[in-house]
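Take 35 as the starting number for the sequence shown in this note's numbering and just add one per residue.
The structure appears right after this line, and notes come after that.
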Amino acid sequence: VASEGTSTFLDEADGASDVDSGDVGLQVFPWSAKDPFFLFTDSECLAMGGGSAFALYVEKDLLHGMSEPCSTFDSQRLSASQNFVVSDLECWVFDDPSEVD
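Laid out in C-alpha cells, this is it:
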C-alpha cells in the first residue's frame, strides 16, 4: 500500500481508465513509455514492470514478494517494505469463449 488508505494499481494502458482514482482510493501508474517491460514469468517468479526494477515480483511459492520503484510505470514502491509476505492473492483469467474446443 502506497500510503494509509490508498491502494496502488498498475495500468499498462495509455493512461485512460474506467476507474476514477479519486473516488475509489486507487493510485494509477500508466505506462511511462520509458521501456517495454510489462510482464515477466518463468519457473521461479511472476513479475510486472522492469527496466530499473520490478514494480511487483512474486516468487513461485506465491507467498513471498517484493516491490521497487519501476521505470516502466514511473511507480513508487507498491508495498510498505521492499520485501513482503502475500496475505491474499486473486487471479483473473481472460479468454475468448469462441476459442474453446
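Glycine is no exception: its CB is placed at the ideal position from the N, C-alpha and C atoms.
Distance, residue j Cα to residue i Cα
{"i": "residue 110", "j": "residue 72", "result": "16 Å"}
{"i": "residue 91", "j": "residue 63", "result": "16 Å"}
{"i": "residue 104", "j": "residue 126", "result": "23 Å"}
{"i": "residue 97", "j": "residue 67", "result": "30 Å"}
{"i": "residue 106", "j": "residue 83", "result": "5 Å"}
{"i": "residue 122", "j": "residue 99", "result": "12 Å"}
{"i": "residue 65", "j": "residue 89", "result": "12 Å"}
{"i": "residue 94", "j": "residue 101", "result": "15 Å"}
{"i": "residue 124", "j": "residue 133", "result": "24 Å"}
{"i": "residue 117", "j": "residue 58", "result": "26 Å"}
{"i": "residue 74", "j": "residue 120", "result": "19 Å"}
{"i": "residue 113", "j": "residue 80", "result": "16 Å"}
DSSP beta-bridge partners of residue i
{"i": "residue 99", "result": "92, 118"}
{"i": "residue 104", "result": "109"}
{"i": "residue 81", "result": "74, 91"}
Whole-number beta carbon distance between residue j and residue i, since they are thought to touch under 8 Å
{"i": "residue 69", "j": "residue 85", "result": "4 Å"}
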